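When you line the sequence shown up against my numbering, it's residues 7 to 299, in that order. All residues carry an ideal CB built from backbone N, CA and C; glycine is no exception. Source: prediction; values computed, not measured.
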Amino acid sequence: MVIEDIEVVEREVVPEVEKDIPLKPIKSFKDKAPVKHVVGQTKVMAIINQKGGVGKSTTAINLSAALGEMGKQVLLVDLDPQGNSSSGLGIEKSRVEHCVYDVLLNDVPVEDVIIPDVCEGLDVIPATINLAGAEVELVAEMARENRLRDSVGSLRGKYDYVFIDCPPSLGLLTVNALVAADKLLIPIQCEFYALEGVTKLLDSMKRVKTRLNPSLDIFGVLLTMYDGRTTLSKQVVEEVRNYFGKIVFDTLIPRTVKLSEAPSFGQPITQYDPSGKGAQSYVDLAKEVINRG
7 MVIEDIEVVE
17 REVVPEVEKD
27 IPLKPIKSFK
37 DKAPVKHVVG
47 QTKVMAIINQ
57 KGGVGKSTTA
67 INLSAALGEM
77 GKQVLLVDLD
87 PQGNSSSGLG
97 IEKSRVEHCV
107 YDVLLNDVPV
117 EDVIIPDVCE
127 GLDVIPATIN
137 LAGAEVELVA
147 EMARENRLRD
157 SVGSLRGKYD
167 YVFIDCPPSL
177 GLLTVNALVA
187 ADKLLIPIQC
197 EFYALEGVTK
207 LLDSMKRVKT
217 RLNPSLDIFG
227 VLLTMYDGRT
237 TLSKQVVEEV
247 RNYFGKIVFD
257 TLIPRTVKLS
267 EAPSFGQPIT
277 QYDPSGKGAQ
287 SYVDLAKEVI
297 NRG
């Protein structure tokens, strides 16, 4: 059997994109459209707790995004070598051209590292695996404690809030955050041994305040992973409120599946599950942050 009159159409060949090309933002911070005037002073806060798994990165991502959606100009600095704040906002760390490591150790201008408009009102200085060696490399540097402060200082007046997501340790990266920050935001999970390690953190804060940053103080303490069904969570809330007093936020961040899932989709909870309890809790927290001034 002869098959006739079959027209062969050549398909256009689309060249494959090489995967190792460094990611370049569609626009750089320098090309960012002018934003509204920032009213008042820029508030620089380190989100810090030497314990891991207490919700530092979750809070850094979702508080920053909630404030951005409220019309604030926010910069999130990912200072944790794990880079959870970066990946949790959909940034492909393996394709980032420059990160916070380059600001600290390679003298790259901070404006060249900022990825603008990751979310509404939110810019990010990302972290990559390169940051893992920064603790050792900073030891030999002059004025090693001031590296982040000097860079962030040049951005004052351009943002309402700068949040620094700190690593779960008290090494040189965390010291840089303590020196750069005006205030500390301390997440504490509603679990057994909730206050474990907090005393050590407060001692470190006092030493930095005495020697390097006289204005450093605690802005607020945030209770995370709260489960109202358990007696333990309620006991921890009472214990932390008795210990810290009025600086503890009224907002309790609940333990929810959606809050755990959102980072794997590269979205803040206000985008991933905007009507859920997790999103509402971070919106409430953002309002408290604004009201505290």
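Would you please state the rounded distance, in angstroms, between the beta carbons of residue i and residue j? I believe it to be under 8 Å.
{"i": "Tyr288", "j": "Leu69", "result": "6 Å"}
{"i": "Val168", "j": "Thr48", "result": "6 Å"}
{"i": "Gly226", "j": "Leu191", "result": "6 Å"}
{"i": "Tyr249", "j": "Leu201", "result": "6 Å"}
{"i": "Ile131", "j": "Val119", "result": "5 Å"}
{"i": "Gln56", "j": "Leu176", "result": "5 Å"}
{"i": "Gly61", "j": "Thr236", "result": "With a Cβ gap of about 17 Å, Gly61 and Thr236 do not count as contacting."}
{"i": "Val116", "j": "Ser157", "result": "4 Å"}
Apart from the five residues just before and just after residue i, which ones in its own chain have a Cβ nearer than 6 Å to its Cβ?
{"i": "Gly96", "result": "Gly272"}
{"i": "Arg162", "result": "Thr48"}
{"i": "Leu154", "result": "Asn182 and Ala186"}
{"i": "Val15", "result": "Confidence at Val15 is low in this model, with a pLDDT of 38, below 50, so the placement of that residue should be treated as unreliable; the coordinate-derived value is given next. Nothing listed; no residue qualifies."}
{"i": "Arg247", "result": "Val254"}
{"i": "Val124", "result": "Leu95 and Val130"}
Tell me, please, which residues DSSP counts as bridged to residue i.
{"i": "Phe169", "result": "Met51 and Leu82"}
{"i": "Lys189", "result": "Met51 and Asp223"}
{"i": "Thr216", "result": "The partner list for Thr216 (beta bridge, DSSP) is empty, contrary to what the question assumes."}
{"i": "Pro260", "result": "Tyr232"}
{"i": "Cys125", "result": "Leu128"}
{"i": "Gln286", "result": "Bridge partners of Gln286: none, in fact."}
{"i": "Ile194", "result": "Leu229"}
So, for residue i: in the same chain, excluding its five sequence neighbours on each side, which residues have a beta-carbon less than 7 Å away from its beta-carbon?
{"i": "Ala292", "result": "Leu69, Ala72, Leu73 and Met76"}
{"i": "Tyr165", "result": "Val44, Thr48, Gln79, Val80 and Leu81"}
{"i": "Ser221", "result": "Asp188"}
{"i": "Met211", "result": "Leu184, Leu190 and Leu222"}
{"i": "Val214", "result": "Val181, Leu184, Val185 and Leu222"}
Grab the span of the beta strand (DSSP E) containing residue i for me, first residue to last.
{"i": "Met148", "result": "Looking at the DSSP string, Met148 is not in any beta strand (DSSP E), and its letter there is neither H nor E."}
Cβ of residue i within 7 Å of Cβ of residue j?
{"i": "Val181", "j": "Glu151", "result": "yes"}
{"i": "Ile224", "j": "Ile253", "result": "yes"}
{"i": "Ala66", "j": "Ala187", "result": "no"}
{"i": "Pro269", "j": "Gly94", "result": "yes"}
{"i": "Ser92", "j": "Ser63", "result": "no"}
{"i": "His228", "j": "Phe255", "result": "Here residue 228 turns out to be Leu, not His, going by the sequence shown. Yes, these two residues count as a Cβ contact at 7 Å."}
{"i": "Gly284", "j": "Ile296", "result": "no"}
{"i": "Leu300", "j": "Ile170", "result": "In the structure as shown, the chain begins at 7 and stops at 299. Residue 300 is therefore absent and cannot be evaluated."}
{"i": "Gly89", "j": "Pro174", "result": "no"}
In chain order, what residues of the same chain have a beta carbon less than 8 Å from the beta carbon of residue i, not counting five sequence neighbours either side?
{"i": "Tyr232", "result": "Cys196, Ser239, Val243, Leu258, Ile259, Pro260 and Arg261"}
{"i": "Ala140", "result": "Pro87, Tyr107, Leu110, Leu111, Leu178 and Leu179"}
Residue range of the alpha helix (DSSP H) that residue i falls in?
{"i": "Val130", "result": "Element bounds for Val130: not the alpha helix (DSSP H) but the beta strand (DSSP E), Leu128 to Ile131."}
{"i": "Asp108", "result": "Val106 to Leu111"}
{"i": "Asp279", "result": "First-last for Asp279: undefined, no H or E at that position."}
{"i": "Tyr199", "result": "That residue, Tyr199, is in no alpha helix (DSSP H); it is neither H nor E in DSSP."}
{"i": "Asn136", "result": "It is not in any alpha helix (DSSP H) - Asn136 carries neither H nor E in the DSSP assignment."}
{"i": "Glu98", "result": "Note, Glu98: premise wrong, no alpha helix (DSSP H); not H, not E."}
{"i": "Lys62", "result": "Lys62 to Glu75"}
{"i": "Asp156", "result": "Arg153 to Gly159"}
Is any heavy atom in the ligand ADP found nearer than 6 Å to the beta carbon of residue i?
{"i": "Asn182", "result": "Inclusion of the ligand ADP in the displayed structure is not the case, the ligand content being empty and no account of it being possible."}
Check whether the Cβ of residue i lies closer than 7 Å to any Cβ atom in chain C.
{"i": "Ala268", "result": "Absent from the structure is chain C; it holds one protein chain and no more."}
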